[in-house]
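Take a look at the structure set out below.
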Amino acid sequence: MEENIGLKFMRATELKRLSPTDQMKGMEQPPLIKGRGRADYCLHLPDPEGLEVKSNDLIKAFTERRSIRSYADRPLALPELAFLLWATQGVFRDLGQATLRTVPSAGARHALETYILVNRVEPLRPGLYRYQPLEHTLLIENEDPELRDHITAACLGQKMVEGSAVTFIWTAIPYRMNWRYGERGFRYLHLDAGHVGQNLYLAAEAIECGACAIGAYDDQEMNRILEVDGVEEMVIYMATVGKKEKEAGDD
Ligand SMILES: Cc1cc2nc3c(=O)[nH]c(=O)nc-3n(C[C@H](O)[C@H](O)[C@H](O)COP(=O)(O)O)c2cc1C
């Protein structure tokens, strides 16, 4: 059978085939997080531990979690958004050369960055923001009012993006991972993103929100919208979040 690209990738990144990595060669470690860039305004987020989150039974959270694609008009409050950001990428220990966060990551490399398209979060203005996990702050990246339509279109017109209160967009900076693991690191980027996605689903449940993962998006268009080059940094995963619509019988 002719090998397809996926199988070739899996074979080429088997541990025994790997060449020495940049870390093994003594090269300097890349920065732990992406710098501020041109953003000159940074918003300090509320402490997630201050938020009263209903203490969810773990088994219940597993069984009740569903992908939810339609949301109520109610906005999220800023502390709720802060909680979701913390639950998906929050740093609880800075070790200098690495960070320990609410999600696992191969070698604690944490090669993902979190952008959010804000549609309805009180009191934020709609736009594209980026989370700074070390400082627990948000940077404003882009306030173009047409952004929501562009991102919806890049997600093949999936209406849940324009209907969401907030859409998470995770990018990967591969060298942060590949410095240690070489090309095998590309596997780990995707595994890491899966953990982040699951934390978002479960955290959303705890604040009466629904979430839905998005893998169907136009890569080049999403990279263009985020102004990332698709090589040093690329969009790797997305997910929408919004308040759950009340069901009959709820008050
Ligand atoms: C990697 C991944 C990509 C997904 N991409 C999409 C997507 O682009 N659009 C969508 O509506 N749902 C998407 N989903 C949600 C799945 O369709 C959903 O998880 C599946 O139907 C099972 O439903 P459940 O999550 O309610 O258990 C994705 C889920 C995963 C894990």
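Residue numbers in the sequence shown follow the working numbering, run continuously in steps of one, and reach 1398 at the last position.
Virtual Cβ for every residue (Gly too), placed ideally from N, Cα, C.
(request) Could you please give the first and the last residue of the uninterrupted alpha helix (DSSP H) stretch that includes residue 1337? (result) Counting along the chain, the alpha helix (DSSP H) containing residue 1337 begins and ends at 1332-1353.
(request) Spatial neighbours of residue 1299 within its chain, please: CB distance less than 8 Å, with the 5 preceding and 5 following residues excluded, ordered by chain position. (result) Closer than 8 Å at Cβ, skipping near neighbours: 1305, 1306, 1308 and 1309.
(message) Under 8 Å: do the segment 1201-1216 and the segment 1239-1249 share three or more Cβ pairs, one atom per stretch?
(response) Judged by Cβ distances under 8 Å, the segment 1201-1216 makes no contact with the segment 1239-1249, as fewer than three pairs qualify.
(request) Alpha carbon to alpha carbon, how far is residue 1170 from residue 1164? Give it in angstroms, no decimals. (result) Cα-Cα distance, rounded: 17 Å.
(message) Please state the DSSP three-state secondary structure of residue 1312.
(response) In this structure, residue 1312 counts as coil in the three-state DSSP scheme.
(request) Specify the secondary structure class of residue 1304 as computed by DSSP and reduced to three states. (result) Note: residue 1304 maps to coil in three-state DSSP.
(message) Considering only heavy atoms of ligand 1, does any lie closer than 7 Å to the CB of residue 1362?
(response) Yes, the Cβ of residue 1362 comes within 7 Å of a heavy atom of ligand 1.
(request) For residue 1325, count neighbouring Cβ atoms within 10 angstroms of its own Cβ and tell me buried if that reaches 16, exposed if not. (result) Residue 1325 counts as buried, since no fewer than 16 other beta carbons sit within 10 angstroms of its beta carbon.
(message) Closer than 7 Å to a non-hydrogen atom of ligand 2 - does that hold for the CB of residue 1216?
(response) Summarising the ligand content, the structure contains ligand 1 and does not contain ligand 2.
(message) As a quick exercise: from 1381, 1352, 1351 and 1355, pick the residue whose alpha carbon is nearest that of residue 1365.
(response) Comparing Cα-Cα distances from residue 1365 to each of 1381, 1352, 1351 and 1355, the minimum goes to 1381.
(message) To the nearest angstrom, how far is the alpha carbon of residue 1228 from that of residue 1340?
(response) The alpha-carbon separation between residue 1228 and residue 1340 amounts to approximately 19 Å.
(message) Could you tell me the alpha carbon to alpha carbon distance between residue 1282 and residue 1302, rounded to whole angstroms?
(response) Rounded to whole angstroms, residue 1282 and residue 1302 show a C-alpha spacing of 30 Å.
(message) Just list the residues that DSSP pairs residue 1269 with in beta bridges.
(response) According to the DSSP secondary-structure assignment, residue 1269 is paired through a beta bridge with 1224.
(request) Taking only the alpha-carbon atoms, compute the straight-line gap between residue 1257 and residue 1205 and give it to the nearest angstrom. (result) Answer to the nearest angstrom: the Cα atoms are 25 Å apart.
(message) Tell me which residue opens and which closes the beta strand (DSSP E) that residue 1151 is part of.
(response) For residue 1151, there is no enclosing beta strand (DSSP E), since its DSSP letter is neither H nor E.
(message) Quick check: residue 1278 and residue 1271, are their CB atoms within less than 8 Å of each other?
(response) Cβ distance not < 8 Å, so residue 1278 and residue 1271 don't count as in contact.
(message) Buried or exposed for residue 1390, going by 16 or more other Cβ atoms inside 10 Å?
(response) Using a 10 angstroms sphere on the CB of residue 1390, the tally of other CB atoms reaches 16 or more, which defines it as buried.
(request) Please determine, among 1330, 1336 and 1210, the residue with the shortest C-alpha to C-alpha distance to residue 1161. (result) Comparing alpha-carbon positions, the option among 1330, 1336 and 1210 lying closest to residue 1161 turns out to be 1330.
(request) Note down, in chain order, each residue of its chain lying with its Cβ closer than 6 Å to the Cβ of residue 1191, except the 5 sequence neighbours on either side. (result) Non-local C-beta neighbours of residue 1191 in its own chain, meaning closer than 6 Å and more than five positions away in sequence, comprise 1284, ordered along the chain.
(message) Quick check on residue 1188: does DSSP put it in helix, strand or coil?
(response) Here residue 1188 sits in coil by DSSP.
(request) Kindly give me the distance between the Cβ atoms of residue 1288 and residue 1262, rounded to whole angstroms, as I take these residues to be in contact under 8 Å. (result) With a contact defined as Cβ atoms closer than 8 Å, residue 1288 and residue 1262 qualify at about 7 Å.
(request) Could you please give me the residues that DSSP links to residue 1389 through a beta bridge? (result) Looking at the DSSP assignment, residue 1389 forms a beta bridge with 1357.
(message) Using a Cβ-Cβ cutoff of less than 6 Å, which residues in the same chain neighbour residue 1322 once the five nearest sequence positions on both sides are dropped?
(response) Hits under 6 Å: 1177.
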